[in-house]
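Peer 1: With the numbering used here, you'll find the sequence shown wraps up at 384, consecutive numbering, no jumps.
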Amino acid sequence: MSSRPRVLFVSKPIAPPWHDGSKNLVRDVAENLVDAVPTVMTTEAFSEANDLRPFVRVEPVYREGGGFSPALFANARVLSRLLRGEPHDLWHFVFAPNPASSAAALFAKRFRRALGFRGPVVQTIASAPRSFDGVARLVFGDRVVALSEWTRGRLVGAGVKGVPIEVIPPCARAPEVPAEADVEALRQKHGLFGKVVLYPGDIEHSRGARNVVSAFPGMLSRHPDVTLVLACRKKTPRAEGAERELSDAIARAGLSSKVRFVGEVASMPTLLAASDVVAFPVDDLYGKVDVPLVLLEALALGVPMVVAGGGPLEALGDAAHVVPLGDDEALAHAVVTLFSPDARARAAEAGKELHRARFSPEVVGRAHDRLYADALGGGAPRSG
């Protein structure tokens, strides 16, 4: 073994587009490791012309990028790589727990153990399962990483025991501050005048969009010159129907002139910069990392936000206004409060500082270096 341990990441293909929180997490952690040598699984095309940092090794395990929720081991090439390829010193799986993937990972671990591999296996719970009932059966790692204290508590409550569970938050690069001309062009394109409230989230699994729309009349009564922007990427065919239902409800309430459906935008940082407040009162983060990518980018850009309590987003602490889920009055009041220049400035600085101190790739990368060193310390020979 070299003096620097070799880490093999097992995840979705690490390749563009970069709007998936879990694969961005792998990319950013790998690029910010100092003490370990990372290898990531990518696509054939990206492996030939990738723009990752030179020390990040790539293996073209996948033929193509796949969708938002690919079955990790539906591609037999991933499993074949684990069974036959160079084992490295440590495996790090990063995906949402599900029966098929966990069973395949456990099989690969046992198979390589029988051949002499003794490296530790780290398992990051990249996003919460639909239910934590029975999740203990899906845990196969020697070390488990939860992305928030909330998820750690749910894992312990579901009976996960006998394995260390460490909390290491997700991370995101700080976006470049968009040019003012680009921000103004986006505002003109979508007719965004006055104050802008942005909901940049799911429209299918979560009630977040409906919760914002429900609270919107309260925002208008307090500040008539406000526009609501719904930036909801259509991940499945069901999204069309969900958007249509919400649009009909908005029309019945007489709010259509004050609401914009913008779908997937070319530059989320530009839309964030064009917004005064991000409203994110979600009840379900299924399929997302515990603090979604868009919120991490909002923190880095200093865009104030309001989130619902009772879940992992409470990890945002003083950098976000936390309101009870389903409380329209509290949501409307918190949003309008952040229209104040003083309140906005305080929230912006708190968000930037939290991103630097807790959610930056540099900080999270070092946390993984320490995790790997601890997992490897004093153990038996790792490679067989």
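Just so you know, even glycine gets a beta-carbon here, dropped at the ideal spot from N, CA and C.
These numbers were taken from a predicted model, which means no experiment stands behind them.
1) Which class does ASP20 belong to by DSSP, given the choice of helix, strand or coil?
2) Would you tell me roughly how many angstroms separate the C-alpha atoms of LEU106 and ARG143, rounded to the nearest one?
3) Mapping the DSSP letters down to three states, classify PHE73 as helix, strand or coil.
4) Less than 8 Å between C-beta atoms, sequence neighbours within five positions excluded: which residues of the same chain meet that for ALA266?
5) Leaving aside the five residues before and after GLY194 along the sequence, list all residues of the same chain whose C-beta is less than 7 Å from its C-beta, in chain order.
6) Going by DSSP in three states, GLU64 sits in which element: helix, strand or coil?
7) Which residues in the same chain have their Cβ closer than 8 Å to the Cβ of VAL81, if we skip the five residues on either side of it in sequence?
8) Need the endpoints of the beta strand (DSSP E) that PHE9 sits in, please.
9) If I measure Cβ to Cβ from VAL212 and keep anything under 7 Å in the same chain, skipping five residues before and after, which residues do I get?
10) Can you name, in chain order, every residue of its own chain whose Cβ lies under 6 Å from the Cβ of ALA375, other than the five neighbours on each side?
11) Indicate the three-state DSSP secondary structure (helix, strand or coil) for VAL29 in the structure shown.
12) Do the CB positions of TRP150 and ASP318 come within less than 8 Å of each other?
13) Are the CB atoms of ALA343 and VAL323 within a distance shorter than 8 Å?
14) Counting pairs of beta carbons, one from the segment 162–181 and one from the segment 239–257, are three or more of them closer than 8 Å?
15) For the candidate residues THR270, GLY311, PHE95, whose alpha-carbon lies nearest to that of GLN188?
16) Can you tell me the Cα-Cα spacing of THR124 and SER148, whole angstroms?
17) With a CB to CB cut of under 6 Å and the five nearest residues on each side skipped, what residues in its chain are close to SER3?
18) Would you grab the beta carbon distance between LEU52 and ARG27 for me? Rounded to a whole angstrom, and I think it's under 8 Å.
19) Using the Cβ count rule (16 or more neighbours within 10 Å means buried), how would you classify ARG113?
20) Looking only at DSSP bridge pairs, what is PHE95 linked to?
21) I need the DSSP call for LYS161, collapsed to helix, strand or coil.
22) So, with DSSP's three-state summary, where would you put GLU48?
23) State the start and end residues of the unbroken alpha helix (DSSP H) segment that holds VAL183.
24) Please report the Cβ distance between THR39 and ARG57, rounded to the nearest whole angstrom; I am assuming they are in contact, meaning their Cβ atoms lie under 8 Å.
25) List, from N- to C-terminal side, the beta strand (DSSP E) runs of 3 residues or more that fit wholly inside the segment 286–332.
26) Just the C-alpha distance for VAL145 and ASP20, rounded to the nearest angstrom, thanks.
27) Run through DSSP, which three-state label would LEU115 get?
28) Quick one: does GLU86 have its CB under 8 Å from some CB of chain D?
29) According to DSSP, PHE280 sits in a beta bridge with which residue or residues?
30) Between LEU354 and LEU272, how many whole angstroms is the CB-CB distance? I'm expecting something under 8 Å.
31) What residue range is occupied by the uninterrupted beta strand (DSSP E) comprising PRO341?
32) In whole angstroms, give me the CA-to-CA distance for PHE73 and PRO341.
Peer 2: Let's see:
1) coil
2) 13 Å
3) Bear in mind that the predicted position of PHE73 carries a pLDDT of just 49, short of 50, making it unreliable; the figure below should be weighed with that in mind. The answer is coil: DSSP assigns PHE73 none of H, G, I, E or B.
4) none
5) ASP225, VAL226, THR227
6) In the three-state scheme derived from DSSP, where H, G and I count as helix and E and B as strand, GLU64 is classed as coil.
7) Just to set this straight, residue 81 is Arg in the shown sequence, not Val. Within the same chain, ARG81 has close Cβ partners MET41, GLU59, VAL61.
8) 6–10
9) TYR199, LEU228, ALA279, PRO281
10) PRO120, ARG143
11) helix
12) no
13) No. Outside cutoff.
14) no
15) For GLN188, the nearest C-alpha among the options comes from THR270.
16) Computed Cα separation, rounded: 11 Å.
17) none
18) Confirmed, Cβ separation roughly 7 Å.
19) Under the 10 Å beta carbon count, ARG113 is surrounded by fewer than 16 other beta carbons and is classified as exposed.
20) ILE125
21) coil
22) helix
23) 180–190
24) 4 Å
25) 305–308, 321–323
26) 18 Å
27) LEU115: coil per DSSP, three-state reduction.
28) Reference to chain D is not applicable here, since this structure consists of a single protein chain.
29) VAL307
30) The Cβ separation is near 16 Å, so there is no contact.
31) Note, PRO341: premise wrong, no beta strand (DSSP E); alpha helix (DSSP H) at 341–354.
32) Here PHE73 scores only 49 on pLDDT, less than 50, and its place in the model should not be relied on; the value that follows carries that caveat. Going from the Cα of PHE73 to the Cα of PRO341 covers about 50 Å.
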